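Numbering (the working numbering), first residue to last: 87 to 155.
Here is the structure we will look at, set down as structure tokens.
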């Protein structure tokens with residue numbers, strides 16, 4: 087079945103993602119760890135004159151149940 091993660095956007099809407107899920111037009115979930123998501127984005131390298139992958143790590147947080155702000 088593979089790893090899945092629950093993420094939330096700025097509006098508070100939740101999404102379940104798995105490896106390979108596109109998040110934006112240029113970002114895809116590459117890897118899911120227990121405490122982090124690794125995204126693969128492509129950016130133009132002017133020196134190489136080609137698109138190269140860039141990996142971005144987003145650390146996940148887990149809110150405690152019943153915790154009030």
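For each residue, glycine too, the CB sits at the ideal point set by N, CA and C.
Nothing here was measured: the structure is a model prediction, and the numbers come from that model.
Rounded C-alpha distance that separates residue i from residue j
| i | j | result |
| --- | --- | --- |
| residue 101 | residue 110 | 13 Å |
| residue 90 | residue 98 | 19 Å |
| residue 92 | residue 121 | 11 Å |
Which of helix, strand or coil DSSP assigns to residue i
| i | result |
| --- | --- |
| residue 146 | coil |
| residue 132 | coil |
| residue 88 | coil |
| residue 120 | coil |
6 Å Cβ shell around residue i - same chain, five flanking residues per side excluded
| i | result |
| --- | --- |
| residue 144 | 123 |
| residue 138 | 131 |
Residues of its chain near residue i, where Cβ-Cβ distance is below 8 Å and the 5 sequence neighbours each way are ignored
| i | result |
| --- | --- |
| residue 113 | 125, 126, 127, 142 |
Which residues DSSP lists as bridging residue i, in chain order
| i | result |
| --- | --- |
| residue 110 | 113 |
| residue 94 | 100 |
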